[in-house]
Amino acid sequence: EADIYQTPRYLVIGTGKKITLECSQTMGHDKMYWYQQDPGMELHLIHYSYGVNSTEKGDLSSESTVSRIRTEHFPLTLESARPSHTSQYLCASSESRGTNEKLFFGSGTQLSVL
Amino acid sequence: AQRVTQPEKLLSVFKGAPVELKCNYSYSGSPELFWYVQYSRQRLQLLLRHISRESIKGFTADLNKGETSFHLKKPFAQEEDSAMYYCALRAPGGSYIPTFGRGTSLIVHP
Numbered sequence: 116e117a118d119i120y121q122t123p124r125y126l127v128i129g130t131g132k133k134i135t136l137e138c139s140q141t142m143g144h145d146k147m148y149w150y151q152q153d154p155g156m157e158l159h160l161i162h163y164s165y166g167v168n169s170t171e172k173g174d175l176s177s178e179s180t181v182s183r184i185r186t187e188h189f190p191l192t193l194e195s196a197r198p199s200h201t202s203q204y205l206c207a208s209s210e211s212r213g214t215n216e217k218l219f220f221g222s223g224t225q226l227s228v229l
Numbered sequence: 005a006q007r008v009t010q011p012e013k014l015l016s017v018f019k020g021a022p023v024e025l026k027c028n029y030s031y032s033g034s035p036e037l038f039w040y041v042q043y044s045r046q047r048l049q050l051l052l053r054h055i056s057r058e059s060i061k062g063f064t065a066d067l068n069k070g071e072t073s074f075h076l077k078k079p080f081a082q083e084e085d086s087a088m089y090y091c092a093l094r095a096p097g098g099s100y101i102p103t104f105g106r107g108t109s110l111i112v113h114p
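Line by line, the protein sequences are chains A and B.
To get my numbering, take the position in the first sequence, counting from 1, and add 115.
To get my numbering, take the position in the second sequence, counting from 1, and add 4.
Printed below as a string of structure tokens:
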């Protein structure tokens, strides 16, 4: 079934650890996105990609990095996690229609950095 | 730069009452506007987009360019409408990356 998957669903780690949040989609979409979601706050765009080997930083200053080696895979890496990184991370994808593109979201990863 | 403002963090109504979730935007051109919804323990998903001019689950939204608003309305709220609602904007001519508001939590009491 075509879907977008995020793992892990929950992650609790210590400060200074390197972590990778996984996101994969089987929808054949070119565009993929990472958003950060905190309660009562806007969804902040962290990174996006238009396709393989294309990655861009979003509006939110982030110490994370992403890669897009395969169309279906868009992992997010934090080299050294800090408590300020505690948040919900949402991955999304969309097909390239040009106008009025609909975003499909994953279930999210809730990250807690102690 | 485009911006989306949802002035209400929380909207609480009783079942059967009318609902209006406000969304104002700042963008000088003709934006693409959307409402996304997140029910408890479910993913964020598209509710409706202005270009479709459709009614989904009884909700409608009209783009008012003069007031730069895209308010979401439903004449009679149901308990199952309780959720987080996010207004989003895509700006043609730019990066086309959606910008979201902070969301409004709608609670419908029985």
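Here a beta-carbon is modelled for each residue, glycine too, at the ideal position from N, C-alpha and C.
Look at residue i and residue j and say whether their C-beta atoms are less than 8 Å apart.
{"i": "A95/B", "j": "Y31/B", "result": "yes"}
{"i": "K13/B", "j": "G155/A", "result": "yes"}
{"i": "A81/B", "j": "A21/B", "result": "yes"}
{"i": "M147/A", "j": "F189/A", "result": "yes"}
{"i": "E36/B", "j": "I55/B", "result": "yes"}
{"i": "P102/B", "j": "L218/A", "result": "yes"}
{"i": "K26/B", "j": "P114/B", "result": "no"}
{"i": "T130/A", "j": "A196/A", "result": "yes"}
{"i": "F38/B", "j": "R53/B", "result": "yes"}
{"i": "V127/A", "j": "L229/A", "result": "yes"}
{"i": "S109/B", "j": "M88/B", "result": "yes"}
In three-state DSSP terms, what is residue i?
{"i": "I128/A", "result": "strand"}
{"i": "E83/B", "result": "helix"}
{"i": "H75/B", "result": "coil"}
{"i": "I55/B", "result": "helix"}
{"i": "S199/A", "result": "helix"}
{"i": "F189/A", "result": "coil"}
{"i": "C138/A", "result": "strand"}
{"i": "R183/A", "result": "coil"}
{"i": "L160/A", "result": "strand"}
{"i": "K146/A", "result": "strand"}
{"i": "I119/A", "result": "strand"}
{"i": "Y43/B", "result": "coil"}
{"i": "E194/A", "result": "coil"}
{"i": "E24/B", "result": "strand"}
{"i": "A65/B", "result": "strand"}
Quick one: give me the first and last residue of the beta strand (DSSP E) that residue i is part of.
{"i": "I111/B", "result": "T108 to H113"}
{"i": "Y222/A", "result": "One detail in the question is off: residue 222/A reads as Ser in this sequence, not Tyr. Where S222/A is concerned, there is no enclosing beta strand (DSSP E), given that its DSSP letter is neither H nor E."}
{"i": "S177/A", "result": "From DSSP, S177/A is part of no beta strand (DSSP E); its letter is neither H nor E."}
{"i": "S15/B", "result": "Per the sequence shown, the amino acid found at residue 15/B is Leu instead of Ser. Taken as a continuous stretch (DSSP letters only), the beta strand (DSSP E) holding L15/B covers L14 to F18."}
May I have the straight-line CA-CA distance separating residue i from residue j, to the nearest angstrom?
{"i": "Y163/A", "j": "E84/B", "result": "33 Å"}
{"i": "H159/A", "j": "D153/A", "result": "9 Å"}
{"i": "L183/A", "j": "E171/A", "result": "Checking the displayed sequence, the identity of residue 183/A turns out to be Arg instead of Leu. R183/A and E171/A: Cα-Cα distance of roughly 11 Å."}
{"i": "T9/B", "j": "G105/B", "result": "5 Å"}
{"i": "V23/B", "j": "L76/B", "result": "8 Å"}
{"i": "Q151/A", "j": "R47/B", "result": "14 Å"}
{"i": "S86/B", "j": "T64/B", "result": "16 Å"}
For residue i, which residues does DSSP report across the bridge?
{"i": "T170/A", "result": "In DSSP, T170/A forms no bridge with anything."}
{"i": "R94/B", "result": "E36/B"}
{"i": "R212/A", "result": "R212/A pairs with nothing; no bridge assigned."}
{"i": "S227/A", "result": "V127/A"}
{"i": "C206/A", "result": "W149/A"}
{"i": "Q10/B", "result": "BP columns for Q10/B are empty, so no partner."}
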